[in-house]
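For the sequence shown, the numbering used here gives the first residue as 22, with consecutive numbering after it. Worksheet: one structure, shown below.
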Amino acid sequence: MQPISSSAALVPPLQASPCRFGRLYCIDQLCCNYSCAEPSSRQKKYIHLNNVATSAKMSPQAEFEKMAEDVKKVKTRPTDQELLDLYGLYKQAIVGDINSDRPVMDLKGKAKWDAWNSRKGMSKDSAMSAYITLAKEVISKYGL
22 MQPISSSAAL VPPLQASPCR FGRLYCIDQL CCNYSCAEPS SRQKKYIHLN
72 NVATSAKMSP QAEFEKMAED VKKVKTRPTD QELLDLYGLY KQAIVGDINS
122 DRPVMDLKGK AKWDAWNSRK GMSKDSAMSA YITLAKEVIS KYGL
């Protein structure tokens, strides 16, 4: 596999290589040199910094799509209000202003319609940015 490069000058590149201790891949050779146990705090720091650098390189569209996938994988179900806010921002970012009539008999449909309608007039880029911010908050609050 190719080394995972980092844009930060102080962070050494991480390498995924076959592990001599039977694991599929090590974070880098330090892992195999000591033991193939949990990565050290030093290694975790490098991993975190590398992920931040990678995230900064993503286009807003790619980050939006990644957050849309990741938010579905949270350990605990977010509150109804958080889910409605995510829904409204997602629909506004993908479709734009709401283009349907408000449901009459469907309570869940009404709530979703109201959440989307509350974002009416917001640009797709603004909705995408707000969705990414909210999704990150939800993921950090409930964990993956």
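Built from N, CA and C at the ideal position, the CB exists for glycine as well. Note that the coordinates shown come from a computational prediction; the quantities given were computed from them, not determined experimentally.
Residue i classed as buried or exposed, judged by whether at least 16 other C-beta atoms fall within 10 angstroms
| i | result |
| --- | --- |
| I119 | buried |
| M126 | exposed |
| V159 | buried |
| T154 | exposed |
Cβ-Cβ distance between residue i and residue j below 9 Å
| i | j | result |
| --- | --- | --- |
| R123 | K129 | no |
| P81 | M149 | yes |
| V95 | Y152 | no |
| A156 | D101 | no |
| A114 | K145 | yes |
| K133 | L165 | no |
Coil, strand or helix - residue i by DSSP
| i | result |
| --- | --- |
| I119 | coil |
| L165 | coil |
| M79 | coil |
| K66 | In this prediction, K66 has a pLDDT of 45, which is less than 50 and means its spatial position is unreliable; nothing more can be read from the coordinates. |
| D142 | Sequence inspection shows Gly at residue 142; the Asp mentioned does not correspond to that position. Coil. |
| C47 | Any reading at C47 must be qualified, since the residue scores a pLDDT of 43, below 50, and its modelled position is unreliable; the value itself is stated next. Three-state DSSP puts C47 in a strand. |
| V125 | coil |
| V95 | coil |
| T154 | helix |
| V73 | Unreliable placement is indicated for V73, whose pLDDT of 46 sits below 50; the coordinate value is still reported in the next sentence. Here V73 sits in helix by DSSP. |
CB contact below 9 Å: residue i versus chain D
| i | result |
| --- | --- |
| K162 | The chain inventory of the structure shown lacks chain D, comprising one protein chain alone. |
Stretch-stretch touch, CB-based, cutoff 8 Å, three pairs: the region 127 to 143 with the region 105 to 116 | yes
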